[in-house]
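Asker:
There are 2 protein chains.
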Amino acid sequence: MEFETIKSDIQALLETRNMQGLKVLLEEWLPEEISLLCESLNLEDQIKVFQCIDRDRAFLTFENLDINDQKLLVDALPNRLVALILNDMSADNRTALLEELESEQLNKLLKLLTKKERKIALSLLGYPENSIGRLMTPEYMTVRQSWTIREVLEYIRENGESSETLDIIYIVDEKGYLIDDIKIGEFLLAPLDEKVSELMDGKKVSLLVTDDEEVAINVFTEFNRVALPVTDSHGILLGIVTIDDVLELAKKEDTEDIQKLGGVEAFEEPYMEMPVFKMIGKRAPWLIILFLGELLTASAMAYFEHEIARAVVLALFIPLIVSSGGNSGSQAATLIIRAMALGEVTISDWYRIMRREIVSGLVLGLLLGVLGFTRVAAWSMFTDVYGPHWMAIALTIGFSLTGVVLWGSLMGSMLPLLLKRLGADPATSSAPFIATLVDVTGLLIYFSLAALILSGTLL
Amino acid sequence: MEFETIKSDIQALLETRNMQGLKVLLEEWLPEEISLLCESLNLEDQIKVFQCIDRDRAFLTFENLDINDQKLLVDALPNRLVALILNDMSADNRTALLEELESEQLNKLLKLLTKKERKIALSLLGYPENSIGRLMTPEYMTVRQSWTIREVLEYIRENGESSETLDIIYIVDEKGYLIDDIKIGEFLLAPLDEKVSELMDGKKVSLLVTDDEEVAINVFTEFNRVALPVTDSHGILLGIVTIDDVLELAKKEDTEDIQKLGGVEAFEEPYMEMPVFKMIGKRAPWLIILFLGELLTASAMAYFEHEIARAVVLALFIPLIVSSGGNSGSQAATLIIRAMALGEVTISDWYRIMRREIVSGLVLGLLLGVLGFTRVAAWSMFTDVYGPHWMAIALTIGFSLTGVVLWGSLMGSMLPLLLKRLGADPATSSAPFIATLVDVTGLLIYFSLAALILSGTLL
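These protein sequence lines map, in sequence, to chains A and U.
Taking this note's numbering, the leading residue of the first sequence gets 178, the next gets one more, and so forth.
Taking this note's numbering, the leading residue of the second sequence gets 178, the next gets one more, and so forth.
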């Protein structure tokens with residue numbers, strides 16, 4: 178509420194180009210709050226805001242913007258300001274921006290960096306996309322195990338300014354090999370004359386620079402740390418990853434998974450900010466692919482047209498049967514895809530998963546089968562809608578439901594594992610995709626059973 | 178790999194009841210690693226492990242276990258050990274366990290707490306479920322603004338032991354009102370004789386104790402902090418929430434949302450650990466509800482049985498049309514539910530969302546409509562499968578597809594907003610649920626259009 182009133186004050190100042198007033202007002206704000214404000218302003222006003230805030234907060238405000246806003250701003254802000262911001266930014270956030278740029282713009286920006294920062298930026302960009310190397314920052318504090326606590330605290334006071342965090346201090350040997358990580362709290366609680374080596378427990382958790390960034394999420398969730406050290410395969414300390422970046426990453430990855438599961442390509446922007454036609458472009462491909470897949474149902478049914486003409490009653494249950502298969506497939510796919518993302522199951526568990534899904538699919542199938550049978554039987558008690566062969570029809574519906582639900586559970590659980598095995602993203606086997614696949618096969622199950630059970634009576 | 182070999186050593190020690198050997202081996206491990214080990218052991222072996230580790234690591238190991246394992250252990254471990262663990266545990270993790278217990282077990286455990294810890298536990302349990310009060314811990318470090326940095330560091334050294342984190346220090350006045358929060362790094366970098374008040378910028382971010390825990394996730398994502406202070410509505414500091422708990426919570430909430438979107442009730446346990454019949458219990462209710470909903474399609478179609486009998490060709494396209502509507506509904510629902518969870522859209526945006534979805538639905542619908550029309554027309558060029566009235570059929574299919582996709586997008590986007598408005602969880606309007614709803618209405622659209630366009634020719 179308060180934020181909204183201040184925002185309208187700011188709007189007024191921007192319109193009258195009262196830069197001095199703007200400066201005074203923004204003085205009171207946190208960088209994160211100025212970023213929030215910027216996100217509701219157009220580019221021109223964003224530039225004015227950046228010209229009004231001091232250097233110490235400019236880069237923090239910039240870091241908190243969406244990558245898309247950052248891209249527009251580095252093109253629009255004066256070079257002098259861009260240079261200050263880029264050099265001040267923490268290396269991990271800068272990498273996140275640089276990796277999104279076209280090579281021409283990238284080269285232009287790299288030239289604005291100081292020699293030292295350019296070297297850091299280039300080395301971080303050298304790690305594979307989505308690797309932990311791209312997430313890390315080389316700004317951390319290391320000390321030696323032979324120092325006293327007093328020496329450590331003095332060293333931090335003199336050299337700690339540029340470190341991304343002082344919450345955790347790293348112990349390395351003269352070759353840069355990571356020996357231990359110790360929380361700042363332990364230094365603060367220990368007697369000043371004690372040696373660092375007395376605080377060490379030799380138990381460290383570290384990330385490998387080439388590992389996938391999803392590993393970082395799982396390790397942070399498992400071990401309660403606010404930052405984790407990153408080493409190469411020899412154990413040499415290269416950088417650190419902080420938990421705030423990981424929280425953001427976890428949210429982003431989950432959003433991508435959810436969108437893929439819903440049959441949409443992952444959005445890079447919030448729903449409301451994405452232009453409508455760009456959004457349609459994210460939805461159309463899957464909708465068309467699923468449509469083309471679903472066209473097979475029309476072909477499959479054309480094959481059974483004769484049966485349908487002779488027993489129209491069969492057509493009545495088509496949506497019921499195909500969607501029951503689709504629903505059970507969505508359930509199984511969702512569970513397995515999420516369990517894989519959380520590291521709870523891996524491909525090697527496929528056999529155990531299959532066994533579980535056969536049991537579940539069979540029980541759930543029988544449940545719906547009995548319900549379907551009962552529905553037809555019950556209606557036939559009081560009406561004549563299903564004719565004299567109602568029992569055969571009821572059996573066809575019951576068995577078909579059991580079959581498609583079992584089949585749906587199996588397909589839904591095995592397909593994500595298969596995709597993963599083939600190196601694809603399992604979330605691509607979205608719920609609608611599984612449902613469509615099960616629709617086509619479900620029709621085959623239904624009409625085959627119908628031919629078997631109803632032959633001689635209705636067919 | 179290494180972990181696996183050690184694990185088999187441990188198994189051997191457990192089998193031979195070599196407690197001394199176990200003790201020596203576990204000495205080398207981090208609490209989080211011992212928790213991981215425990216999760217692969219049966220309860221009996223878990224008890225042996227807990228009897229072998231020292232007090233300092235017992236409670237940390239315990240904290241890292243799943244709530245379900247914790248529940249079993251507090252029943253099985255000797256009271257003396259349970260008392261030590263419960264009193265040592267951080268208050269937020271303890272609350273997470275206590276709130277899951279039956280009242281009888283809860284009372285038993287509360288009696289094991291010291292007077293001080295029992296008071297803390299009861300006050301935290303007094304906050305509403307899923308509120309920030311349940312997440313917070315009252316163990317933090319406060320200082321006064323009149324102190325010098327030297328005094329602060331001495332105070333921390335003497336009193337910091339019991340604080341959950343020393344990464345952030347809180348400034349309060351004599352009434353306990355929160356004035357500011359300052360990172361430990363700033364104290365470490367400042368001259369020892371400076372006053373705390375000189376470090377303060379008066380810009381603080383805090384959480385309200387009664388807010389929903391989802392607010393905490395969003396504030397942590399927005400503001401880069403490792404801990405946030407929690408106050409009552411007057412601004413009195415009550416506790417802190419740390420980011421590691423929030424990362425875990427974010428993962429858990431996303432898992433719940435994903436499972437609900439897939440049409441499954443939220444799992445409290447990992448996929449593999451949940452007993453098969455318990456899992457079936459999580460899947461059956463939604464599958465049955467959707468089945469009952471889908472039964473309406475059979476009723477709707479019985480109403481059109483006469484039309485189907487006269488034009489069997491209509492039946493061929495039923496799965497195609499209903500599933501296209503369902504898919505577009507799943508897409509829209511997924512996007513809106515996720516955007517709401519991330520705080521990107523709120524109920525008050527409904528009109529703008531509706532406008533966007535009408536445009537998207539219309540464009541996507543026309544796209545599929547043209548494809549559907551083309552399919553029927555193209556087949557009719559070369560075969561006689563659709564008879565002399567193929568043009569009328571093609572038009573029926575085309576218009577129906579446009580209609581159901583538009584309808585699906587609208588329902589998929591509006592229903593989650595409506596559910597939220599009614600105080601329900603929007604994720605309950607899962608993708609399969611929307612799909613089922615759109616199936617029934619899609620059939621009505623299809624057959625109504627067919628009656629309109631084909632009357633006089635086929636019907």
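Cβ coordinates follow ideal geometry from the N, Cα and C atoms, glycine included.
Taking the C-alpha atoms as reference points, what is the distance between Q247 (chain A) and T272 (chain A)?
Answerer: Between Q247 (chain A) and T272 (chain A), the C-alpha separation is close to 12 Å.
Asker: If you follow the beta strand (DSSP E) that P406 (chain A) is part of, which residue opens it and which one closes it?
Answerer: Here the beta strand (DSSP E) through P406 (chain A) covers 404-408.
Asker: Does the beta carbon of N336 (chain A) fall short of 8 Å from some heavy atom of the ligand SAH?
Answerer: Only the bare structure without any ligand can be found here, which leaves the ligand SAH out of the picture.
Asker: If you compare alpha carbons, which of U:P255, U:T573, U:Y563 is closest to K225 (chain U)?
Answerer: Checking every option, the nearest Cα to that of K225 (chain U) belongs to U:P255.
Asker: So, is A601 (chain A) buried or exposed, given that buried needs 16 or more other C-beta atoms within 10 angstroms?
Answerer: Label assigned to A601 (chain A): exposed.
Asker: Using 9 Å as the limit for Cβ to Cβ distance, is N401 (chain U) near chain A?
Answerer: Interface residue, yes.
Asker: Roughly how many whole angstroms lie between the Cα atoms of Q436 (chain U) and A367 (chain A)?
Answerer: Cα to Cα, Q436 (chain U) sits roughly 47 Å from A367 (chain A).
Asker: Examine chain U for any beta-carbon lying closer than 9 Å to the beta-carbon of A628 (chain A), and answer yes or no.
Answerer: For A628 (chain A), the answer is no, since every Cβ of chain U falls outside 9 Å of its Cβ.
Asker: Does the region 570-577 of chain A touch the region 513-520 of chain A, meaning 3 or more C-beta pairs lie closer than 8 Å?
Answerer: As far as the Cβ criterion goes, the region 513-520 of chain A does not touch the region 570-577 of chain A, which means the pair count is below three.
Asker: Starting from Q436 (chain U), find everything on chain A with Cβ-Cβ shorter than 8 Å and list it in chain order.
Answerer: The answer, in chain order, is T511, L512, R515.
Asker: Within a Cβ cutoff of 6 Å, which residues of the same chain sit near M178 (chain A), ignoring the five residues on either side of it in sequence?
Answerer: Since pLDDT at M178 (chain A) reaches only 39, below the 50 mark, its modelled position is unreliable, and the value read off the structure follows with that caveat. Around M178 (chain A): no qualifying Cβ.
Asker: Using 9 Å as the limit for Cβ to Cβ distance, is P447 (chain A) near chain U?
Answerer: Chain U contact via Cβ: present.
Asker: Taking the alpha-carbon positions, what's the A510 (chain U) to R460 (chain U) distance?
Answerer: Roughly 20 Å separates the two Cα atoms.
Asker: With a CB to CB cut of under 8 Å and the five nearest residues on each side skipped, what residues in its chain are close to E363 (chain A)?
Answerer: Same-chain partners within the cutoff: L376.
Asker: For A628 (chain A), count the other beta carbons within 10 Å of its own beta carbon; 16 or more makes it buried, fewer makes it exposed. Which is it?
Answerer: Exposed, since its Cβ has fewer than 16 Cβ neighbours within 10 Å.
Asker: Tell me, to the nearest whole angstrom, how far the beta carbon of T419 (chain A) is from that of T342 (chain A); I am working on the premise that it is less than 8 Å.
Answerer: Correct: roughly 6 Å between the Cβ atoms.
Asker: For chain A, find out if any of its Cβ atoms is closer than 9 Å to the Cβ of T474 (chain U); answer yes or no.
Answerer: Closer than 9 Å to some Cβ of chain A, the Cβ of T474 (chain U) qualifies, so yes.
Asker: Quick check: is the beta carbon of W206 (chain A) nearer than 9 Å to any beta carbon in chain U?
Answerer: Closer than 9 Å: yes.
Asker: With a CB to CB cut of under 8 Å and the five nearest residues on each side skipped, what residues in its chain are close to L290 (chain A)?
Answerer: Excluding sequence neighbours, L290 (chain A) sits near A260, L263, N264, A298.
Asker: Please state whether the Cβ-Cβ distance between V615 (chain U) and M588 (chain U) is less than 9 Å.
Answerer: Against a cut-off of 9 Å, the Cβ pair of M588 (chain U) and V615 (chain U) comes out as a contact.
Asker: Does DSSP classify V547 (chain A) as helix, strand or coil?
Answerer: Reduced to three states, the DSSP call for V547 (chain A) is helix.
Asker: May I ask you to report which of helix, strand or coil DSSP gives G458 (chain A)?
Answerer: Three-state DSSP puts G458 (chain A) in a helix.
Asker: Counting C-beta neighbours from all protein chains within 10 Å, is the total for S590 (chain A) 16 or more, i.e. buried, or is it exposed?
Answerer: Per the 10 Å Cβ criterion, buried.
Asker: Looking at the secondary structure, which residues open and close the beta strand (DSSP E) in which V418 (chain U) lies?
Answerer: Segment 414-419, the beta strand (DSSP E) holding V418 (chain U).
Asker: For N504 (chain U), go through chain A and note every residue whose CB falls closer than 7 Å to its CB, in chain order.
Answerer: Within 7 Å Cβ-Cβ: G440, L464, L467, P609.
Asker: Could you check the C-alpha separation between E433 (chain A) and E442 (chain A) for me, to the nearest Å?
Answerer: Cα to Cα, the separation comes out at about 8 Å.
Asker: Of the residues A:D222, A:L469, A:V403, A:D269, which one's Cα is nearest the Cα of G416 (chain A)?
Answerer: Per the Cα distances, A:D269.
Asker: Measure the C-alpha to C-alpha separation of L467 (chain U) and E240 (chain U) and round it to an integer number of angstroms.
Answerer: One C-alpha to the other measures close to 39 Å.
Asker: Let me know the secondary structure DSSP gives Y354 (chain U) once reduced to three states.
Answerer: Strand.
Asker: Would you verify that the beta carbon of V581 (chain U) is, or is not, closer than 9 Å to some beta carbon of chain A?
Answerer: Not closer than 9 Å to any Cβ of chain A, the Cβ of V581 (chain U) fails to qualify, so no.
Asker: Under the assumption that V522 (chain U) contacts I530 (chain U) (Cβ atoms under 8 Å), give the Cβ distance between them as a whole number of angstroms.
Answerer: With a Cβ gap of about 6 Å, V522 (chain U) and I530 (chain U) count as contacting.
Asker: What does a CB cutoff of less than 7 Å around E316 (chain U) pick up in its chain, not counting 5 residues either side in sequence?
Answerer: Counting only Cβ-Cβ distances below 7 Å, and skipping sequence neighbours, we find S267, A268, S339, S340, E341.
Asker: Taking 9 Å as the threshold (C-beta atoms), are G503 (chain A) and A477 (chain U) in contact?
Answerer: Result no, Cβ atoms of A477 (chain U) and G503 (chain A) do not sit closer than 9 Å.
Asker: Between Q508 (chain A) and chain U, is the shortest Cβ-Cβ distance under 9 Å, so that the two count as touching?
Answerer: Yes, Q508 (chain A) lies at the interface with chain U (some Cβ there is under 9 Å from its Cβ).
Asker: Within 10 angstroms of the Cβ of Q197 (chain U), are there 16 or more other Cβ atoms? Answer buried if so, exposed if not.
Answerer: Classification for Q197 (chain U): exposed.
Asker: Could one say the Cβ of S374 (chain A) lies closer than 9 Å to chain U's Cβ atoms, at least one of them?
Answerer: By this cut-off, S374 (chain A) is not an interface position.
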